[in-house]
Amino acid sequence: MGQLLDRLQKLGIPCEQLKVKLKKALEKRNWLAHSYFSERAMEFMNEKGRNKMIAELEQTNEFFMAVDSDISSIFHQIAEKYGLTDDVFKKIMDELLVESNSDL
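Numbering (our numbering), first residue to last: 8 to 111.
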């Protein structure tokens, strides 16, 4: 992750806020993968607890989606800088889709 952020800075992309968000995203990901359900075992046993868990997971999903949006925005800035416009990207994706369908 450090190398990625260094490269972004060299390209002139401000990334201090992104660094903070990515660190928080990694912490949330690890919490979900390794601790979430064991920490919520009692809440899982009743409807009120499950509803609380659903709300908590929805908030976490919104956070991940916001970070994804930030990263996508940066990707598009860099891609445009190197001539990869939305049209070119769509053409590449369409070609890959056709190729993957022919492999089936």
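For each residue, glycine too, the CB sits at the ideal point set by N, CA and C.
Check whether Gly56 and Glu65 have beta carbons under 7 angstroms apart: Reading the sequence shown from its first residue, position 49 is the one you call residue 56. Reading the sequence shown from its first residue, position 58 is the one you call residue 65. Their beta carbons are not under 7 angstroms apart, which means Gly56 does not touch Glu65 by this criterion.
Pairwise C-alpha distance: Leu25 and Ala73: Counted from its first residue, the sequence shown places residue 73 at position 66. Counted from its first residue, the sequence shown places residue 25 at position 18. Going from the Cα of Ala73 to the Cα of Leu25 covers about 11 angstroms.
Straight-line gap, Glu102 to Glu46 (C-alpha atoms, nearest Å): In the sequence shown, residue 102 corresponds to position 95, counting from 1. In the sequence shown, residue 46 corresponds to position 39, counting from 1. Taking the straight line joining both Cα atoms gives about 45 angstroms.
Span separating the alpha-carbon of Ala86 from that of Cys22: Locating residue 86 in the sequence shown gives position 79, counting from the first residue. Locating residue 22 in the sequence shown gives position 15, counting from the first residue. If you take the alpha carbons of Ala86 and Cys22, they lie about 17 angstroms apart.
Residues near Ile99 by beta carbon distance below 7 angstroms, same chain, minus five either side: Residue numbering aside, residue 99 sits at position 92 when the sequence shown is read from its first letter. Excluding sequence neighbours, Ile99 sits near nothing in its chain.
Nearest candidate by alpha-carbon position, reference Ile20, set Phe96, Thr92 and Asp77: Counting from one through the sequence shown, the residue named residue 20 turns up at place 13. Nearest option by C-alpha distance: Asp77.
Whether Thr7 touches Lys35 by CB criterion (7 angstroms): This structure cannot speak to residue 7, because the chain is shown only from 8 to 111.
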